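Data block below; observations after.
2 protein chains.
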Amino acid sequence: MSDVDVIKEKIISAAKARFGHYGYPKTTIAELADDCAMSAGNIYRFFAGKIDIATEIARRESLSAIKRFEAFLDCPYRTARRQLEELIFAELRYTYHLLEKQPKVLELAQIVISERPNFQMERVRRERRIITRILQDGVKTGEFEVENVARAAAAIQSATLKYRLAQLITDQPLADLERELREVLSILMRGILSRRQIETFCSCEIPAPEPIVVEN
Amino acid sequence: MSDVDVIKEKIISAAKARFGHYGYPKTTIAELADDCAMSAGNIYRFFAGKIDIATEIARRESLSAIKRFEAFLDCPYRTARRQLEELIFAELRYTYHLLEKQPKVLELAQIVISERPNFQMERVRRERRIITRILQDGVKTGEFEVENVARAAAAIQSATLKYRLAQLITDQPLADLERELREVLSILMRGILSRRQIETFCSCEIPAPEPIVVEN
DNA sequence: ATATTGAATAATTTATTGATTATTCACTGC
DNA sequence: GCAGTGAATAATCAATAAATTATTCAATAT
Numbered sequence: 024m025s026d027v028d029v030i031k032e033k034i035i036s037a038a039k040a041r042f043g044h045y046g047y048p049k050t051t052i053a054e055l056a057d058d059c060a061m062s063a064g065n066i067y068r069f070f071a072g073k074i075d076i077a078t079e080i081a082r083r084e085s086l087s088a089i090k091r092f093e094a095f096l097d098c099p100y101r102t103a104r105r106q107l108e109e110l111i112f113a114e115l116r117y118t119y120h121l122l123e124k125q126p127k128v129l130e131l132a133q134i135v136i137s138e139r140p141n142f143q144m145e146r147v148r149r150e151r152r153i154i155t156r157i158l159q160d161g162v163k164t165g166e167f168e169v170e171n172v173a174r175a176a177a178a179i180q181s182a183t184l185k186y187r188l189a190q191l192i193t194d195q196p197l198a199d200l201e202r203e204l205r206e207v208l209s210i211l212m213r214g215i216l217s218r219r220q221i222e223t224f225c226s227c228e229i230p231a232p233e234p235i236v237v238e239n
Numbered sequence: 024m025s026d027v028d029v030i031k032e033k034i035i036s037a038a039k040a041r042f043g044h045y046g047y048p049k050t051t052i053a054e055l056a057d058d059c060a061m062s063a064g065n066i067y068r069f070f071a072g073k074i075d076i077a078t079e080i081a082r083r084e085s086l087s088a089i090k091r092f093e094a095f096l097d098c099p100y101r102t103a104r105r106q107l108e109e110l111i112f113a114e115l116r117y118t119y120h121l122l123e124k125q126p127k128v129l130e131l132a133q134i135v136i137s138e139r140p141n142f143q144m145e146r147v148r149r150e151r152r153i154i155t156r157i158l159q160d161g162v163k164t165g166e167f168e169v170e171n172v173a174r175a176a177a178a179i180q181s182a183t184l185k186y187r188l189a190q191l192i193t194d195q196p197l198a199d200l201e202r203e204l205r206e207v208l209s210i211l212m213r214g215i216l217s218r219r220q221i222e223t224f225c226s227c228e229i230p231a232p233e234p235i236v237v238e239n
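If you're matching them up, the sequences are chains A and B in order. Position one of the first sequence corresponds to residue 24 (my numbering), numbered consecutively onward. Position one of the second sequence corresponds to residue 24 (my numbering), numbered consecutively onward.
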């Protein structure tokens with residue numbers, strides 16, 4: 024890690040702490056500079072602007088979440104179906120808890136999105152790639168049967184959108200959302216499972232709630 | 024219609040015109056009163072407050088839209104599936120065009136929702152009732168096969184949420200959204216059709232785009 | 001040279017004020 | 001008594017000023 028990178032990390036780290044505690048607007052560049060024992064002006068040798076620090080933090084949070092979800096690809100579940108269900112449930116629970124326990128994260132996300140409109144695109148694409156991968160596996164083993172994997176992945180992503188933005192759309196409690204998602208997935212799964220699989224269809228492969236710890 | 028109701032209508036009518044043209048915030052009670060040839064204070068004998076006039080207008084718009092969609096229940100489509108598909112597509116197109124052509128409607132809706140948080144509840148419930156009805160019909164004729172009609176209706180409503188709030192969630196053009204919805208519905212339908220129906224499944228029952236005129 | 005500073009400037013936010021507007025209500029006319 | 005008024009009050013909004021903050025950059029230190 025280069026010198027520059029070390030200092031960047033120091034700034035990011037100070038910003039994480041302050042943005043998380045006081046929020047983005049209440050944090051000043053001068054404070055971050057103080058935390059890093061440097062002058063305000065010097066911050067600009069490492070980041071083009073305040074919003075870019077926030078964007079970098081959001082990017083990392085987003086990447087770490089995605090990485091967490093990508094882990095489901097290596098998880099040896101019995102079925103692709105189970106894998107897909109676990110993935111979407113994990114997303115619901117993870118983001119729900121994150122936004123509930125760390126309200127400043129939501130604020131930061133909203134600010135970054137409004138200033139950098141295509142920030143979300145990367146995350147959406149990455150998430151879709153995970154879904155695509157699972158679908159491909161399922162198709163290969165004959166578990167799933169879809170005309171076009173890419174389009175099906177997009178459809179599944181859209182159909183479960185509510186459970187990734189839960190708190191922005193509704194004030195239903197988590198248990199409610201989980202019950203609903205269970206039903207949505209049940210129908211979606213039935214919609215992509217192969218005829219062979221449908222014969223033995225049951226709607227209960229979906230995992231029960233379990234506590235999730237939100238990392239910092 | 025009582026005297027009071029007549030005057031209420033006059034106020035509503037003036038408000039519709041002004042809210043639609045200048046927007047809610049730029050319209051004053053004094054102007055509405057003028058339009059109705061009465062004093063500002065007198066408005067309050069008919070409505071508890073400015074926001075209540077807006078709420079009544081929004082409620083009517085919402086009811087008229089729902090009524091329009093309820094008409095699909097009487098429409099003699101070949102299949103319940105087709106009926107459901109037509110319904111959701113109609114909702115997408117209708118609200119998309121409404122919000123696109125009459126931006127003040129969106130503004131009004133957002134204001135009403137923020138001031139009267141459970142305003143949407145009635146609409147959501149009514150819409151779900153339509154879906155439920157179609158599902159019931161389909162189950163009766165053996166076209167659909169679902170464990171629990173009410174829960175399935177809720178699931179279908181959630182899974183297609185994006186297409187009822189399109190402009191609030193994405194900036195995709197209508198054609199894009201229609202293509203996506205086609206795929207979502209294709210999967211959902213496959214997920215609720217009975218085994219018998221699945222045998223002859225095709226993914227093309229969904230109607231092609233057609234222009235929709237937004238009423239006032 | 002390169003890294004850093006801190007004062008200067010530009011942009012934003014906050015506070016303050018003065019309108020404007022929503023809402024109430026004592027009063028008027030029927 | 002009921003419908004309606006309009007002046008009085010409360011609440012909100014818009015404009016301005018004041019203060020703070022982001023950003024730049026000439027000067028300084030390493």
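A virtual CB, placed ideally from N, CA and C, is assigned to each residue, including glycine. Computed from a predicted structure; not experimentally measured.
Note on Y45(B): under 16 other CB atoms within 10 angstroms of its CB, so exposed under the neighbour-count rule. Rounded to the nearest angstrom, the gap between the Cα atoms of L107(B) and Y117(A) is 33 Å. The Cβ atoms of E203(A) and S181(B) lie closer than 8 Å to each other. Cβ neighbours of A189(B) within its own chain (closer than 6 Å, five residues either side excluded): Y119 and L200. According to the DSSP secondary-structure assignment, F167(B) is paired through a beta bridge with L216(B).
Below 8 Å, enough C-beta pairs join the stretch 77-90 of chain A and the stretch 137-147 of chain A to call them touching: three or more. If you compare the alpha carbons of S62(B), S217(B) and F224(B) with that of V169(A), the shortest gap goes to F224(B). Look at L110(B): its C-beta is not under 8 Å from any C-beta on chain A. For the stretch 158-176 of chain A, the residues whose beta carbon sits under 7 Å from a beta carbon of chain B are, in order, E170, R174 and A175. Sequence-ordered contacts of the stretch 127-142 of chain A with chain B are nonexistent [C-beta pairs closer than 7 Å]. The residue among L55(A), R149(A), G43(A) and V27(A) with its C-alpha nearest the C-alpha of K124(A) is G43(A).
For S181(A), the chain B residues whose Cβ falls inside 7 Å of its Cβ are K185, E203 and V207, in order along the chain. If you look at F95(B), you'll find it in the alpha helix (DSSP H) that goes K73 to D97. Chain-order list of chain B residues neighbouring L211(A): A182, I210, L211 and G214, by C-beta distance under 8 Å.
Identification of residues in the stretch 34-59 of chain A having a C-beta nearer than 8 Å to some C-beta of chain B yields an empty set.
Counting C-beta atoms within 10 angstroms of its own C-beta, V29(B) has fewer than 16 neighbours from the protein chains shown and is therefore classed as exposed. Taking all protein chains shown into account, E222(A) has fewer than 16 neighbouring C-beta atoms within 10 Å of its C-beta and is therefore exposed. For A77(A), the number of other beta carbons within 10 angstroms of its own is at least 16, and it is reported as buried. Following the DSSP letters along the chain, one finds G46(A) in no alpha helix (DSSP H), marked with neither H nor E. With contacts defined as CB atoms closer than 8 Å, A178(A) and E206(B) qualify as a contacting pair.
For F69(B), there is no enclosing alpha helix (DSSP H), since its DSSP letter is neither H nor E.
Contacts with chain A at 8 Å (Cβ-Cβ) include A178(B). The C-alpha of A38(A) lies about 6 Å from the C-alpha of L55(A). Under the three-state reduction of DSSP output, D26(B) falls in the helix class.
Looking at the backbone, the Cα of Y186(B) and that of L96(A) are separated by about 29 Å. Exposure of G64(B) is indicated by the presence of fewer than 16 other C-beta atoms within 10 angstroms of its C-beta. Around the beta carbon of T51(B), fewer than 16 other beta carbons lie within 10 angstroms, which makes this residue exposed. As the crow flies, the alpha-carbon of P99(A) is around 48 Å from that of A88(B).
Distance between L184(A) and R213(A), taken at the CA atoms: about 19 Å. Excluding five sequence positions before and after Q159(A), the CB atoms of its chain that fall closer than 8 Å to its own CB belong to V172, given in chain order. Spanning the alpha carbons of G72(A) and I134(A) requires a straight line of approximately 14 Å.
Considering only K127(B), I74(B) and A175(B), the residue with the shortest C-alpha distance to A40(B) is K127(B).
Here A94(B) is exposed: its Cβ has fewer than 16 other Cβ atoms, across all protein chains shown, within 10 Å.
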